[in-house]
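>
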Amino acid sequence: KTVLAEIVAQLLVGDANLVASLPPSQFGGFGASTLDGKLLNVVTELPESKVLQSDRMKAIVSGDPIFVDVKYREGYTLRPICANLLCVNSIPQMSDVSGGLKRRLLVQDFNRSFLEDAERRTKDEIMNELRGFAMAIRVRCLHAAGELRADGDFPVSQEQARALGTIVRRSSTPDAFIE
-13 KTVLAEIVAQ
-3 LLVGDANLVA
7 SLPPSQFGGF
17 GASTLDGKLL
27 NVVTELPESK
37 VLQSDRMKAI
47 VSGDPIFVDV
57 KYREGYTLRP
67 ICANLLCVNS
77 IPQMSDVSGG
87 LKRRLLVQDF
97 NRSFLEDAER
107 RTKDEIMNEL
117 RGFAMAIRVR
127 CLHAAGELRA
137 DGDFPVSQEQ
147 ARALGTIVRR
157 SSTPDAFIE
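78 is the number that my numbering gives to position 92 of the sequence shown; each next residue is one higher, with no gaps.
So this is what it looks like as structure tokens:
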């Protein structure tokens, strides 16, 4: 998960447009100021038992105006434009998975472990190989974004629908209790 996050961050977005790691628990208070003007927020670690407070997360994910506190200065209103890439070991429970947030989640399970793979390459080897294709990858991503915009939404595989269903079930108090 960390290698994928780093590839996306470094090759597609770049440091100037990146928030290194602002977990949803820090979306309130002073933390949200780091989202200002950024295109991507990458989070690679979340506490497994953490229940994400979804109200602030929904506002940030949907681009609604949020109030941002700034140390030693007056706060201001921000309309976040960044995407959020959360790469976690276990699916977090959310305090609310209403249609607004659920519609914006695109969940992908990674079920393969590369630890025992004889042909496993290091992160640096992968990054060096992909650097030569970075511009072509960005162009393909922009082309795909245009197609998504024309189509209206991401196509969702059965596996992605199952993973999203898991989030919704785990976030439902009665369902989580039964499991």
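Idealized CB from N, CA, C, for every residue including glycine.
1. Round the Cβ separation of residue -3 and residue 116 to the nearest angstrom and send it over; I've been treating them as touching at under 8 angstroms.
2. Which residue's Cα is closest to the Cα of residue 152: 118, 72, 137, 80?
3. Applying the criterion that 16 or more other CB atoms from any shown protein chain within 10 Å of the CB defines a buried residue, is residue 13 buried or exposed?
4. Could you tell me whether the Cβ atoms of residue 30 and residue -12 are closer together than 8 angstroms?
5. Please report the residue range of the alpha helix (DSSP H) in which residue 114 lies.
6. Around the Cβ of residue 141, are there at least 16 other Cβ atoms within 10 angstroms (buried) or fewer (exposed)?
7. Closest Cβ-Cβ distance between residue 12 and chain B: below 8 angstroms?
8. Apart from the five residues on each side of it in sequence, which residues of its chain come closer than 8 angstroms, Cβ to Cβ, to residue 112?
9. Entirely within the stretch 121 to 159 and at least 4 residues each: give me those alpha helix (DSSP H) ranges in chain order.
10. Pop quiz: residue 25 and residue -1 are said to be a contact at Cβ under 8 angstroms. What is the actual Cβ separation, rounded to whole angstroms?
Checking against the coordinates, here is how it stands:
1. The beta carbons of residue -3 and residue 116 sit about 6 angstroms from each other, so the pair counts as a contact at 8 angstroms.
2. The shortest C-alpha separation from residue 152 is found at 80.
3. So residue 13 ends up on the buried side.
4. The criterion of a C-beta distance shorter than 8 angstroms is satisfied by residue 30 and residue -12.
5. Bounds of the alpha helix (DSSP H) holding residue 114 are 109 to 117.
6. Label assigned to residue 141: exposed.
7. Among the chains in the structure shown there is no chain B, since it carries only a single protein chain.
8. So the qualifying residues of the chain are -11, -7.
9. Look at the stretch 121 to 159 and you find these whole runs of alpha helix (DSSP H), each 4 residues long or longer: 144 to 157.
10. With a Cβ gap of about 6 angstroms, residue 25 and residue -1 count as contacting.
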